[in-house]
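Let me begin by presenting the structure, written as structure tokens, before commenting on it.
Number of protein chains: 2
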Amino acid sequence: MDLLLLSSKKRFLTIGIVAAYGLFTSCETQNKEAGTTEAAPVIEQRDLVQFVDPMIGTAKMGHTYPGATAPFGSIQLSPDTDTIPYAVQGQYNPDVYKYCAGYQYDDTTIVGFSHTHFSGTGHSDLGDFLLMPTVGELQLNPGTESDPSSGYRSTFSHDNENAEAGYYSVLLEDYNIKAELTATTRVGMHQYTFPESDQAHIILDLTSGIYNYEGKNIWTFLRVENDTLVTGYRQTNGWARTRKVYFAMSFSKPIDSYGRNELPSQVYRGFWRKFDQTENFPELAGEDLKVYFNFKTSEDEKLKVKFAISPVCTEGAIKNMQEEVPHWDFEKVKSQTQQQWNTELNKVQIEPLNQDEMINFYTAMYHAFLGPTVYMDVDGKYRGLDMNIYQAEDFVNYTSFSLWDTYRALHPLFNILQPKRNADMITSMLEHQKQSVHGMLPIWSHYANENWCMIGYHSVSVIADAIVKGNTGFDVDAALLASVQTAKVPYYDGLEYYMALGYVPEDKNGASVSKTLEYAYDDWAIAQAADALENVSVYDEFIQRSENYKNVFDSSSGFMRPKLSDGSFKKEFDPMDTHGQGFIEGNSWNYSLYVPHQPDTMIEMMGGKDAFVDRLDSLFTMELPDKYFANTEDISREGIIGNYVHGNEPSHHVVYLYNWTDAPWKSQDKIRMILKAMYKPTEDGLGGNDDFGQMSAWYIFSTLGFYPVAPGSPQYALGSPAMRNAKIQLENGKIFEVVVENQSEENVYVDKVILNGEPLRTPFINHSDIMQGGRLEFFMSGKPSKQCYK
Amino acid sequence: MDLLLLSSKKRFLTIGIVAAYGLFTSCETQNKEAGTTEAAPVIEQRDLVQFVDPMIGTAKMGHTYPGATAPFGSIQLSPDTDTIPYAVQGQYNPDVYKYCAGYQYDDTTIVGFSHTHFSGTGHSDLGDFLLMPTVGELQLNPGTESDPSSGYRSTFSHDNENAEAGYYSVLLEDYNIKAELTATTRVGMHQYTFPESDQAHIILDLTSGIYNYEGKNIWTFLRVENDTLVTGYRQTNGWARTRKVYFAMSFSKPIDSYGRNELPSQVYRGFWRKFDQTENFPELAGEDLKVYFNFKTSEDEKLKVKFAISPVCTEGAIKNMQEEVPHWDFEKVKSQTQQQWNTELNKVQIEPLNQDEMINFYTAMYHAFLGPTVYMDVDGKYRGLDMNIYQAEDFVNYTSFSLWDTYRALHPLFNILQPKRNADMITSMLEHQKQSVHGMLPIWSHYANENWCMIGYHSVSVIADAIVKGNTGFDVDAALLASVQTAKVPYYDGLEYYMALGYVPEDKNGASVSKTLEYAYDDWAIAQAADALENVSVYDEFIQRSENYKNVFDSSSGFMRPKLSDGSFKKEFDPMDTHGQGFIEGNSWNYSLYVPHQPDTMIEMMGGKDAFVDRLDSLFTMELPDKYFANTEDISREGIIGNYVHGNEPSHHVVYLYNWTDAPWKSQDKIRMILKAMYKPTEDGLGGNDDFGQMSAWYIFSTLGFYPVAPGSPQYALGSPAMRNAKIQLENGKIFEVVVENQSEENVYVDKVILNGEPLRTPFINHSDIMQGGRLEFFMSGKPSKQCYK
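These protein sequence lines map, in sequence, to chains A and B. UniProt numbering numbers the first residue of the first sequence as 1 and each following residue consecutively. UniProt numbering numbers the first residue of the second sequence as 1 and each following residue consecutively.
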């Protein structure tokens, strides 16, 4: 596929679409012509990398990064456009939030290229090992955006910038250096095309980082092993309390000379100060190291850098580099990584409604496959929570579990598209639990640390969903035990009260309603896993706990409402408000609907189906005054439809709840509306944080026409498919096809649905329907069909 | 041997002497009676542990510690009597020097018991993991000596204190707690006898340390794994730039509750601050952690603690504990460790002149066998200089190489008494060299760090001495190569100039004469190793460099004198002064004699034998005005005889130089004088820092009657033996016996010497004379015998 080698993605997007469609057709023809006799049909690969636009979500609240990474790769090599401190003298700096992924599209300068980034998160960390090439007078401070010449940063223009899956390039205008980046799983590769210069530099700023603050660097350590190899590590405090990343950096030509910044005066380090450690001294360490490497370059000389990381040690980083990139061929790395991306993207082939959708869909697939990220060396060694080194036996260890987000749709999506990886992710979570001094599964974990972010214990949902769906390539008994243990740690976040009272009392622990509701759902998930594993006592215990949502329902107001430890509801209560009201990232209007595991009971509790439909309708049409918006985290104003908050996660299942009423059709137009409103193929196209792929997973499911309302159930609720047709290539070799008849922008309503030739009488399909392969046909209409599932 | 079990060593010292002599005699009888037919005779073990007094050197400048340790053990579990900061706001605090080993005999309080200590050093570090048992109101600050009740420290009295090899006990008066300590190689064991209390505490102060200062702790990390096991680590900056020690601590009964000090306000550590981390929260980390564990105790209840350390990880520490102390029997650990000590001490059995000598000698043996210390886990894993983890294959890895001191007599002593360990120490040094980014052998290294203390590159002397003496259980070719590489690192401490000019110019690099002289000696040592290995080119190169001492000899003054880079001698010059005068730890009077490898040439250069004898005589009799003493480091005023400085190392060979003149007898009385003046069986009995056993090794050699003037030569210069007779049990199974006839306090002169029946004609013996076993007979006299070697 020559298309991959075209230099500018944007230039060929319009022709690319056509080419790809052509291929899609010809593939089918080809398959027929070939008349293969293999049992498992295989879809021919198309060039789908061309439709990925990593720039989507890089403006405003998307919090995605545009840089180069391999699928689920440890390395996310990406430009940082600013390095706003997280806090100054202990005071939080709200501007830092924009830089969760290091890059903001509206910025005009690039500080440098760092090797680790979260995708789409609403809090951040990382930004390790910022490299920046410069020429001319050496500057070791980044400078400011308003006066870039005051530091090593450079101005840049989007006209000279190109982001693809696995590749990024930009012209650093202040230095006339073209920077190109690509990456394998554990190695970032830089290719800098320099002008002629006697003063060419590559700066490694070990003080730079995302969500940085003075004192975040605990220690940095660096050795110039020889004239092309540098090793070291960075140890930070912060969101991860004790985080260490090791590196090995190799230059494609020998360093001329090197040195470091002047460090603050130090107490005793080397009795006789025998050395001038600022220049050409190969062993450096301290809290605030910035190091430079000098070269002489000829016009258009390409200086390349391989940069490997390891969670274990510098020896591990060197091994990773040797195994993954044992050469200096930048194009080869780029091409191999893009081929990997293409393989992943081809797991779903769609025929879209339009070009925007093609870009949206494959960018969503790309974002969905960015994490959790591989967290082990090529030899299987990784760091555990206790800081000991472990050997992964027969699994790939992953980290960066943004579970409060991703349990909802991303891990369920993995049970279809990435079952092997999902099982390994669960094994990684089980190892975490074994290492945890609390005996707890991850809450929000990264880099051998638990950062405790958000609420619930949603690992149990990920585990239950996999068990119930038969994706059991992990120790299921240990997983159930770990789930039960996690759900019983009394000192965790109000659990002691929850277990004693059946709810979290707001006077003892804030966001008490959100916690109660999510614990209840999680407990139901544990019960489902227990049921599947025929563990009656665990089932009985947790199915009972799963009803605790009832304890925070205030029938007088019809809302979930914070309750106090004396059993009374909190007096002041505003169901439009969030903070200090018993909720987090969603007000009571949204959160009251969070009973994904027992929608029928919830609907009954709230006055029956008709009243519930009215309630849902209101949610989407009512107005949220600005004063409440200020209290709603992580989203743009565009992330809200009426009072429905799509930019945050607690309502992601809500639009599908119409399926439990007599008006499934009311979900259908709204799903199409949400898909259009919240996902646009532009830099500011995401209505909220992508949240490590959860927003994208919602998009993928909803575009395909179904959604996992309650992970832990094998059931998917049907919506309104937004493409023309889709083929899902399953790991078991089978193909599940979704075909949409009479599809158009206007025909958003489902007239009837046929699964493998049989009409569906309910708006649900089962996981096994997908996994055994088959054909789901939607027949669309421009008018609501109240009889669609009759 | 019941003697070992007697509770108070001091109580039975007088009877012990008699008992031991009795044994000595009866052993010989027994051997004769047994009439063994074995080829290698074995000396029967005597109870020698009783003669070790770890209190010797704990007052004033000795810098020894009184606590419990096994031979060459990783654990040195010892009381710290104060925790003076090394520096306050970057300013050096001279009082800290007293606390190099954590203990000063004159102090009246004990702060606690920490697990790592250097013995006798003139700079320090360590003091890791201070434990302190208390009862009553919890206090987490140490308090002050003048007001011990202001903190957790306790008053104590030497009347209630007992220090033995491998055992220490004291009554903590403020709490009425008897503390007893013992240790295996990697595990410290505490036994605290408590009064009845509802408020019994064990405090683990992770902020405490030796040569501590604000900011020295880089990070500490702690997990309460269960109700008896705690793990964690301490990472420090300072003398070692990046030092980490891991631990596992086990209590003999479950913790009631636990908690930590209030930490300074922290930027972001755990999004929702879900936990009260001060109480019973099992996962703690930070820079300034102090942790307490609460218990309830009954009257006289013994609460025991096992505390294992590891250079690798907490898992390693746990393994060390499990393997070395898999039980709770304190007496068993004590007894086994004392048996180990007895085995080591029995390598030399002496019949002393008097009781003091018995104590001095075996305490010197004890001090000589404290370091270098084992630095690896029971499974052979250890941390390297690059912070990577290594597996020791077929050797024991050691650390804490105080080489500027110990190359002189301690490592040569090991070539006789500890050849296997010495070969492993050299292998450890070679591994260090391989890991070093400078490709250098250790200068002064500890805990996977090079602290660069003092001058020269004396690893090469240790290596050469072993090779020349045939103790070659290491890779000799690699060792020679490593020596050469080390001696050619241009940026090291003036070496670039030394290699170009043949001397270190004082205007480029201070202490230039000391450095030039020591480099020249080290170069000679390299040449000797090359000669033994038949490497002609290395020999030629380094034998030439070994003459560089001539370049700093000023024939006009007759002294070694600093030279400038223009080739002229420094104008201002005072051979009595040290600092800023081209010297370190010795003035020109002393240092001018530092040509141990070519005494004949040196003597010639200085005017011939008669003039040289006069010069030596003057050294011992002249007066050193007080103003110069202030400039002489690391020693008491008592550490000086005339202008001869025994408390520092550069003159340790000087008294033996008479052997190269016509007046060997002049060395004899002076050696006996030095032995008496500088080594007393009292707390303040050492005339200077013991320097990790170097001062003790001088004592052992000199007491036995011979001394290695130039390590790297197989030759020992004879002195005046100070005991009645001695048997050295060699690892090769042979016995070398030194018999002294007509010995007395007054008969300090040697009349004649007979080796294996043959009279000696020169005052020298060879290493092989010792190692092949045999009998050296000194015949003593009260009058100088000018004909003794004729």
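Don't be surprised by glycine CBs; every beta carbon is placed ideally from N, CA and C. Bear in mind the structure is a predicted one, so any value in this text is a computation, not a measurement.
Does any CB atom of chain A fall closer than 9 Å to the CB of B/Tyr292? Your numbering for residue 292 of chain B matches position 292 in the second sequence. By this cut-off, B/Tyr292 is not an interface position.
At least one CB of chain B closer than 9 Å to the CB of A/Tyr97: is that the case? Your numbering for residue 97 of chain A matches position 97 in the first sequence. Taking Cβ atoms only, chain B never reaches closer than 9 Å to A/Tyr97, which makes this a no.
Should the segment 556-571 of chain B be called in touch with the segment 525-545 of chain B, which here means at least 3 C-beta pairs below 8 Å? no
Collapsed DSSP secondary structure at A/Ile770 in the structure displayed: Locating residue 770 of chain A in the first sequence gives position 770, counting from the first residue. A/Ile770 falls in the helix class under three-state DSSP.
Go through the segment 532-589 of chain B residue by residue and report every complete run of the alpha helix (DSSP H) that reaches 4 residues or more, in order. 536-545
Use the C-beta contact count for A/Met622: other C-beta atoms within 10 angstroms, 16 or more gives buried, fewer gives exposed. The residue you call residue 622 of chain A lines up with position 622 of the first sequence. So A/Met622 ends up on the exposed side.
Below 8 Å between beta carbons is the criterion; list the residues of the segment 209-220 of chain A that meet it against any residue of chain B, in chain order. Tyr211, Tyr213, Gly215, Lys216, Ile218, Trp219
Is the CB of A/Val460 under 9 Å away from at least one CB in chain B? The count along the first sequence starts at 1 and reaches residue 460 of chain A at position 460. Answer no: the Cβ-Cβ gap between A/Val460 and chain B never drops below 9 Å.
Measure the alpha-carbon distance for A/Leu140 versus A/Tyr258 and round it to whole angstroms. Residue numbering aside, residue 140 of chain A sits at position 140 when the first sequence is read from its first letter. Residue numbering aside, residue 258 of chain A sits at position 258 when the first sequence is read from its first letter. Whole-angstrom Cα-Cα distance: 13 Å.
Considering only the alpha carbon of each residue, which of B/Ser781, B/Thr406, B/Val230 lies closest to B/Pro711? Numbered from 1 along the second sequence, position 711 holds the residue referred to as residue 711 of chain B. Of B/Ser781, B/Thr406, B/Val230, the residue nearest in Cα terms is B/Thr406.
Coarse secondary structure for B/His646, derived from DSSP in three states: Along the second sequence, one-based indexing puts residue 646 of chain B at 646. It is coil, neither helix nor strand.
Taking 7 Å as the limit between beta carbons, can you name the residues of its chain near B/Gly719, skipping five residues before and five after? The count along the second sequence starts at 1 and reaches residue 719 of chain B at position 719. Correct list, in chain order: Tyr656, Ser667, Gln668, Ile671, Ser702, Gly705, Phe706, Tyr707.
State yes or no: is the beta carbon of B/His438 nearer than 9 Å to at least one beta carbon in chain A? Here residue 438 of chain B is taken as the residue at index 438 of the second sequence, counted from 1. Yes, B/His438 counts as interfacial toward chain A.
Check whether the segment 161-180 of chain B and the segment 62-79 of chain B touch, using three or more Cβ-Cβ pairs below 8 Å as the test. yes
Which residues, taken in chain order from the segment 132-145 of chain A, show a beta carbon closer than 9 Å to some beta carbon of chain B? none
Of the residues A/Ile728, A/Phe221, A/Glu585, which one's Cα is nearest the Cα of A/Val245? For this step, residue 245 of chain A is matched to residue 245 along the first sequence. Ranking the options by Cα distance to A/Val245, first place goes to A/Phe221.
What number of angstroms, rounded off, separates the C-alpha of A/Ala183 from the C-alpha of A/Asn422? As a first step, residue 183 of chain A is located in the first sequence; it is residue number 183 there, counting from the start. As a first step, residue 422 of chain A is located in the first sequence; it is residue number 422 there, counting from the start. Spanning the two alpha carbons is a distance of roughly 23 Å.
Is B/Ala317 buried or exposed, if buried means 16 or more other CB atoms sit within 10 Å of its CB? As a first step, residue 317 of chain B is located in the second sequence; it is residue number 317 there, counting from the start. With 16 or more Cβ atoms within 10 Å of its Cβ, B/Ala317 is classed as buried.
Which listed residue (B/Ala520, B/Val536, B/Phe573) has its alpha carbon closest to that of B/Glu547: For the purposes of this step, residue 547 of chain B is taken as residue 547 along the second sequence, with counting starting at 1. The shortest C-alpha separation from B/Glu547 is found at B/Ala520.
CA-to-CA distance, A/Ala487 to A/Pro596, given in whole angstroms: Stepping through the first sequence from its first residue, residue 596 of chain A is reached at position 596. Stepping through the first sequence from its first residue, residue 487 of chain A is reached at position 487. Distance between the alpha carbons of A/Pro596 and A/Ala487: 19 Å.
Backbone CA spacing between B/Met723 and B/Glu745 [nearest angstrom]: For the purposes of this step, residue 723 of chain B is taken as residue 723 along the second sequence, with counting starting at 1. For the purposes of this step, residue 745 of chain B is taken as residue 745 along the second sequence, with counting starting at 1. Computed Cα separation, rounded: 10 Å.
Please report whether the beta-carbon of A/Thr108 lies at a distance below 9 Å from any beta-carbon of chain B. Taking the first sequence and counting its residues from 1, one reaches residue 108 of chain A at position 108. It does not: the Cβ of A/Thr108 has no partner Cβ on chain B nearer than 9 Å.
If you count every other CB in all the chains shown that lies within 10 Å of the CB of A/Leu417, and 16 or more means buried, which is it? On the first sequence, residue 417 of chain A is found 417 positions in, with the first residue counted as 1. Flag for A/Leu417 reads buried.
Whose C-alpha, out of A/Leu413, A/Val187, A/Asp690, is nearest the C-alpha of A/Glu731? On the first sequence, residue 731 of chain A is found 731 positions in, with the first residue counted as 1. The shortest Cα separation from A/Glu731 among A/Leu413, A/Val187, A/Asp690 belongs to A/Leu413.
Round the Cβ separation of B/Asn587 and B/Tyr628 to the nearest angstrom and send it over; I've been treating them as touching at under 8 Å. Taking the first residue of the second sequence as position 1, residue 587 of chain B is located at position 587. Taking the first residue of the second sequence as position 1, residue 628 of chain B is located at position 628. About 7 Å separates the two Cβ atoms, so the contact holds.
Less than 6 Å between C-beta atoms, sequence neighbours within five positions excluded: which residues of the same chain meet that for B/Lys734? As a first step, residue 734 of chain B must be located in the second sequence, where it is residue number 734. Gly773.
Kindly list the residues whose CB is nearer than 7 Å to the CB of A/Pro784, restricted to its own chain and excluding five residues on each side of it in sequence; keep chain order. Residue mapping note: residue 784 of chain A aligns to position 784 of the first sequence, counting from 1. Excluding positions up to five away in sequence, the list reads Trp665, Tyr749.
Is the CB-CB distance between A/Thr427 and A/Phe369 below 9 Å? Taking the first sequence and counting its residues from 1, the one referred to as residue 427 of chain A is at position 427. Taking the first sequence and counting its residues from 1, the one referred to as residue 369 of chain A is at position 369. Going by C-beta atoms, A/Thr427 is not nearer than 9 Å to A/Phe369.
Contact set for B/Val325: own chain, Cβ-Cβ below 7 Å, skip 5 residues either direction: Position 325 of the second sequence, counted from the first residue, corresponds to residue 325 of chain B. Excluding positions up to five away in sequence, the list reads Thr184, Val187, Met189, Lys306, Val333.
What residues in its chain sit with their C-beta under 8 Å from that of A/Asp106, if we drop five residues either side in the sequence? Position 106 of the first sequence, counting from 1, holds the residue named residue 106 of chain A. Result list for A/Asp106: Ala59, in chain order.
Within 10 angstroms of its Cβ, does A/Arg761 collect 16 or more other Cβ (buried), or is it exposed? Within the first sequence, residue 761 of chain A is the residue found at index 761, counting from 1. A/Arg761 should be labelled exposed.
In chain A, which residues lie with their C-beta within 8 Å of the C-beta of B/Met387? Within the second sequence, residue 387 of chain B is the residue found at index 387, counting from 1. What B/Met387 touches in chain A: Phe221, Tyr233, Cys313, Thr314.
For the segment 115-134 of chain A against the segment 680-691 of chain A, do three or more pairs of beta-carbon atoms, one drawn from each stretch, fall closer than 8 Å, so that the two count as touching? yes
Inside the segment 607-634 of chain A only - alpha helix (DSSP H) runs reaching at least 4 residues: 609-621, 626-629
Does the separation of the CB atoms of B/Ala591 and B/Asn551 fall below 9 Å? Counting from one through the second sequence, the residue named residue 591 of chain B turns up at place 591. Counting from one through the second sequence, the residue named residue 551 of chain B turns up at place 551. Sequence check: residue 591 of chain B is Tyr here, not Ala. No, Cβ-Cβ distance for B/Tyr591 and B/Asn551 is not below 9 Å.
In the DSSP output, what is A/Pro85 paired with across the bridge? Within the first sequence, residue 85 of chain A is the residue found at index 85, counting from 1. BP columns for A/Pro85 point to A/Asn212.
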